[in-house]
Amino acid sequence: SSQGELHDEL
Amino acid sequence: MNIFRLAGDMTHLISVLVLLLKIYATKSCSGISLKTQELYAMVFVARYLDLFTDYISFYNTVMKIVFILSSLAIVWCMRMHRVVKRSYDKELDTFRHNILIVVCFGVAVIINEKFTLREVFWAFSIYLEAVAILPQLVLLQRSGNVDNLTGQYVFLLGGYRAFYILNWIYRYFVEQRFSRWISAISGLIQTALYADFFYYYFLSWKNNAKLHLPA
Chain A
-11 SSQGELHDEL
Chain B
14 MNIFRLAGDM THLISVLVLL LKIYATKSCS GISLKTQELY AMVFVARYLD
64 LFTDYISFYN TVMKIVFILS SLAIVWCMRM HRVVKRSYDK ELDTFRHNIL
114 IVVCFGVAVI INEKFTLREV FWAFSIYLEA VAILPQLVLL QRSGNVDNLT
164 GQYVFLLGGY RAFYILNWIY RYFVEQRFSR WISAISGLIQ TALYADFFYY
214 YFLSWKNNAK LHLPA
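So the protein lines, in turn, are chains A and B. Numbering follows my numbering, with no gaps: position 7 of the first sequence is -5. Numbering follows my numbering, with no gaps: position 157 of the second sequence is 170.
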């Protein structure tokens, strides 16, 4: 859960 | 994507379809909180700003578009549709939802993963979603009797949250990936808000009686 990771959940 | 996440998304999708079906088939939105629907529309628009910047999968893109368009369509129907808007329980839908918007935005400015426009709006949408059901629960409690489709709609929405919690547990233990803590804590709060409703929903189901929420 690092910064800049994509939001892959809806 | 694991089975719990898919089950959560599908439950969410079905809840929206149930609501659209209720409005379309009965030409009525009685028992539905316009304030909750407006909050959801705001949640999806704020969260899916990344629709234009990040591509995750075809599935994600389609679902995002479906959630944005369906929530806007519901708000439009309840406000503008000549027949549907007449059945809106305006006098029961008195929750001060603007306060939720202001507080959630304030918290999002302070607590976010990164102080960028996109991340602040993302956090705002997560916080707002956690409390967006409140006007709906208050409306149901005030009206007492809940019609079947409205009861199922709220039950499915709660089910969607419950599946997401299982999804996070699965991701943590099986995929060794922890979902964002902002989502997890907000998600737990959101699901807890349904606890009371679930209790009465199961009670009415067990007794085969109409769902009735005590005042």
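Think of the CB as a built atom: it goes at the ideal place given N, C-alpha and C, for glycine as much as any other residue.
Chain-ordered neighbours of B/N15 on chain A, where CB pairs are closer than 7 angstroms: Under the 7 angstroms cutoff, chain A gives no residues; its nearest Cβ is about 11 angstroms from B/N15.
Enclosing alpha helix (DSSP H) for B/C90 [first to last residue]: Residue range F71 to M93 is occupied by the alpha helix (DSSP H) that includes B/C90.
For A/H43, the three-state DSSP class (helix, strand or coil): Coverage of chain A is limited to positions -11 through -2, which leaves residue 43 of chain A absent and any answer about it impossible.
Endpoints, the alpha helix (DSSP H) within which B/T39 is located: For B/T39, the uninterrupted alpha helix (DSSP H) segment begins and ends at I16 to T39.
Residues bridged to B/H225 (per DSSP): The beta-bridge partner set that DSSP reports for B/H225 consists of B/N158.
Selection of the stretch 191 to 218 of chain B by Cβ proximity to chain A, strictly under 8 angstroms: Within the stretch 191 to 218 of chain B, the qualifying residues are F191, S192, R193, W194 and S196.
The stretch 154 to 168 of chain B in contact with the stretch 32 to 44 of chain B per 3-pair CB rule at 8 angstroms: Yes, they touch.
Contacts of B/N111 in chain A (Cβ-Cβ under 7 angstroms): Residues of chain A passing the Cβ test: none, with the nearest at roughly 26 angstroms.
Test: B/N161 CB closer than 8 angstroms to a CB of chain A: Among the CB atoms of chain A, none fall inside 8 angstroms of the CB of B/N161.
Neighbour list for B/I69 in chain A, Cβ cutoff strictly below 7 angstroms: Identification of chain A residues near B/I69 by a Cβ-Cβ cut-off of 7 angstroms yields L(-6) and D(-4), ordered along the chain.
Exposure of B/N158, with buried meaning 16 or more beta-carbon neighbours within 10 Å: The residue in question, B/N158, is exposed, as its Cβ has fewer than 16 Cβ neighbours within 10 Å.
Range covered by the alpha helix (DSSP H) that runs through B/Y212: DSSP places B/Y212 inside the alpha helix (DSSP H), whose first and last residues are A208 to K219.
Same chain, Cβ closer than 6 angstroms to B/L26, neighbours up to 5 away in sequence not counted: By the criterion of a C-beta distance shorter than 6 angstroms, B/L26 is surrounded by no residue of its chain, once the five residues flanking it on both sides are discounted.
Cβ distance (whole Å) where B/T129 is taken to contact B/A175 below 8 angstroms: Under the criterion of beta carbons closer than 8 angstroms, B/T129 and B/A175 do not qualify as touching, at roughly 31 angstroms.
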